[in-house]
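Going left to right, the sequence shown walks through residues 13 to 518 as the numbering used here numbers them. Beta carbons: idealized from backbone N, C-alpha and C, even for Gly.
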Amino acid sequence: MTLTITGQIDANASSSPDNIWLTSPDTAQTVAWHEVAHRARDIACHLDALDLPAGAPIAVAAQNSIGSCLTFAGITYGGYLATPLNLVAGVKVLNYVIHHSGVKVILVSDDHRALIEEAISSMDRAITLIRLDTATGPEWLMDAQPDAAPRHVPMAETAGLLMYTSGTTGNPKGVILSHGNLLAAGNNVVIGHDITAADIGMCVLPIYHINGLCVTVMGTLASASGLVIPYRFSVSGFWQQVEANNVTWFSAVPTLFAYLLNDEVPVTIDRDRLRFARSASAPLSPEIHRQFEEKFGIPIIETMGLTETGAQILSNPMPPAARKIGSPGVAVGNEIMIGDENQKPVPANQTGEILVRGDNVMQGYLDQPEETAETITPAGWLRTGDLGHIDEDGFVFVTGRIKELIIKGGENIAPREVDEVLLEHGAVLEAAAFAVPCVNYGQSVEAGIRLKPGRDVSEVELAAHCVARLGKFKSPDVIHVLQDLPKGPSGKVQRLKLFDLVHGDG
C-alpha cells in the first residue's frame, strides 16, 4: 500500500493511465489518471515558484468541481498543507481560520472571491489570492518559471490536510491529518464498502467538509476508481446524474435522504448498477432509513465518522451480510472501545464514551496542545465525545453527544431518542430535541421540527404522539415548528444553536 497521496496518484497513473477519475455532470468534462498526475505535478511546481516553505498551508475557497479536486491533489502532491475553507461558515469564522492557520496564499474561484476579500480585509498580513478555475484548477500569473519537478517529497507523516471543525461553540479547531492518515481513511472506505476500480462514486457533499473529501475524494483515489462531482446537490437533478454517469454508490447525509424521499417526481434507477447509498455525518432516523429503502430499492449503509479520524470509523456490513438499522455499524480499519470516565473499557451494552484508535486518527489540533492532549489519550485512543454502547455482535449504537445530553431531574435523556419518535410522525421532515434550563428539573426537553411540504399538524397531536411512545417525562414540553433547523456544513443539526435560535434575543 502506498503511503502518500503523491505515491498513490503516481501509482494510479502508472497502472490505469487512461481510466477516468473525475467527471463533471455539469460540463461533461472528464480527467483521466495520467492527466491527474500531470496536473498535480504542475500545480505543485507552480506553488514551489511562490517560494513557500515545505508544508506551508495553502487555502482553497471553491465549490465542488474538477478544478477543486485537482487543486487538492496538487497541493498535497507538492508536500504543502491543503486548507479547505468552509464557504458557509460566515466572514467572522473565515477571518479566524485564515488568521489562525497562517495561510498566505488562497486559491479562490470567481463565485467566492468577494466573500474571501471581505474575510481578509482586516488582516494584518499580506494574502495572495490566485484565481481557481473550476474546470482546470489554479491560474498562475507570475514571472517565475516553475521547476520541472516538485521540490518537496512528502512522507507518510507529512501533514497533508488542515481542516477546521465546524463546532457548535467557540472557534473551530484546526485538525491536522497526515498523508498516512488520509490514505488510511480512504482505504477504510474502500474496505468497508468493497469498492474496486470498476466503481464510480458521486460526491454531493462539499469537499471542504471531511465526508466529501475523505470519503468520496480519498476513497476513489485510494481505489483508483471513478468520481462524479457535480457543483452542488440538486433534488431535481440527482437521479438523472446517477443514471447518466453510471454511478455505483454515493455518500449523503440524513437531510439529503429526507429530501429525496419526499420528492414526488418519478425516477429511473438501474439497481443492478447502483449498489448502495452511504449515510454519515449525523444519525439516520430508522424511519427514514426504512422508507427510503422501500421506495427506491437501494440499501443504505449507515456509517459514522469524525473530522479527527478522516471520516469513517464505523460501517454496517455490505449486503448480503446483516445490517442493523439504528446502528452506524462495526469498526472498520480501526479499533473501537466504549470507555468510562477514565477511558477504561466497559462491558457490552453498557453506555460510555466512544473511543477510536488507528492509523486514521489525526496528528492533533493546530497550535492547541492542551486540546490535543485532552482528546487523544496516552494510549492513542481518540475521545469522540459521543455516547453509546456496543452489543454482543460488535455493533455500536450511538445515543448522543456528551455535551448535548439532556439531564432532567437527574435522569439522562438522549436527544436522538426524542428525534426518532418525532420523525415517526408522517408530517415531520426533520426533528431535533434539545435541553432548556428548568427551575424544577435542572433541564427540560424541547424540540424543533420542520414539517414536510404541504403538511400541517397541531402541537397537541405531536405531543400526544410523543407521550404515547416516550412517556410524559421524556416527551418535549414544547415543540417549535420552524422553517429550517440550524445545520453545519455536513447537514448535522446543531442543537446548541437551535436553543439560541428559539430562546435567544434574535
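Helix, strand or coil at residue i according to DSSP, with G and I counted as helix
| i | result |
| --- | --- |
| Q252 | helix |
| P465 | coil |
| T180 | Because T180 sits at a pLDDT of 49, beneath the cut-off of 50, its placement in the model cannot be relied upon, and the following sentence gives the value as read from the coordinates. If DSSP states are grouped into helix, strand and coil, T180 belongs with coil. |
| N223 | helix |
| T387 | helix |
| V165 | coil |
| K415 | helix |
| V440 | strand |
| Y377 | strand |
| S585 | The question about residue 585 has no answer here: the residues shown for the chain are numbered 13 through 518. |
| I281 | coil |
| D431 | helix |
| P242 | coil |
| K420 | strand |
| V358 | coil |
| S235 | helix |
| K486 | coil |
| V103 | helix |
| E47 | helix |
| Q495 | coil |
| D398 | strand |
Cut-off 6 Å between Cβ atoms - residues of its own chain near residue i, not counting five sequence neighbours on either side
| i | result |
| --- | --- |
| L225 | I219 |
| H477 | H437 |
| Y453 | K420, G421 |
| E442 | R462, L497 |
| N24 | W45, A236 |
| F511 | F446 |
| G317 | A292, A323, Q324, I325 |
| L82 | R51, G149 |
| H492 | G460, V514 |
| R507 | E416, A444, F446 |
| S121 | A74, L144, T146 |
| L119 | V72, T83, I142, L144, P150 |
| G406 | V342 |
| D211 | S237, T260 |
| N183 | Y108 |
Burial state of residue i (16 or more Cβ within 10 Å)
| i | result |
| --- | --- |
| T16 | buried |
| R137 | exposed |
| P488 | buried |
| K420 | buried |
| Q495 | exposed |
| P278 | exposed |
| K486 | buried |
| T180 | Here T180 scores only 49 on pLDDT, less than 50, and its place in the model should not be relied on; the value that follows carries that caveat. Label assigned to T180: buried. |
| P449 | exposed |
| T140 | exposed |
| E432 | buried |
| M230 | buried |
Nearest residue (CA-CA) to residue i, options the options
| i | options | result |
| --- | --- | --- |
| V490 | G483, G406, Q506, V472 | V472 |
| V240 | V479, H50, A44 | A44 |
| I461 | V430, Y108, G500, P278 | V430 |
| R283 | I312, G90, L417 | I312 |
| I348 | V247, A333, N372 | N372 |
| L360 | F409, I300, V440 | Checking the displayed sequence, the identity of residue 360 turns out to be Ala instead of Leu. The shortest C-alpha separation from A360 is found at F409. |
| A56 | A85, G503, T35 | A85 |
| T170 | E255, L82, L194 | L194 |
| D123 | V451, R413, A74 | A74 |
| H112 | G376, Y176, E299 | Y176 |
| T35 | H515, F511, S470, V254 | V254 |
| R287 | V259, S297, R302, L268 | V259 |
| V165 | I207, V227, I87 | I87 |
| L399 | I425, P390, E382 | I425 |
| G172 | G102, I139, G67 | G67 |
| S133 | N107, W152, V115 | N107 |
| T321 | P295, G397, V48 | G397 |
| Q41 | E314, I188, S77, A126 | S77 |
| P37 | R244, S27, G231, H191 | R244 |
| K336 | H301, N354, L474, E365 | H301 |
| G412 | K499, V103, P295, G376 | P295 |
| F269 | V201, E305, T208 | E305 |
CB-CB length for residue i against residue j, believed under 8 Å
| i | j | result |
| --- | --- | --- |
| M117 | I70 | It should be noted that the sequence gives Val, not Met, for residue 117. Yes, they are in contact, since the Cβ atoms of V117 and I70 sit about 5 Å apart, within 8 Å. |
| L94 | P158 | According to the sequence displayed, residue 94 carries Ala and not Leu. Not confirmed; about 18 Å, so no contact. |
| A459 | L434 | 6 Å |
| P162 | G79 | No, P162 and G79 are not in contact; Cβ-Cβ is about 19 Å, not under 8 Å. |
| L394 | V358 | L394 to V358, Cβ: 17 Å. No contact. |
| T319 | V187 | 5 Å |
Same chain, Cβ closer than 7 Å to residue i, neighbours up to 5 away in sequence not counted
| i | result |
| --- | --- |
| Q380 | K185 |
| T228 | G213, C215, L239, S263 |
Sequence-distant residues of its chain with Cβ nearer than 8 Å to residue i (five each side left out)
| i | result |
| --- | --- |
| Q303 | L273 |
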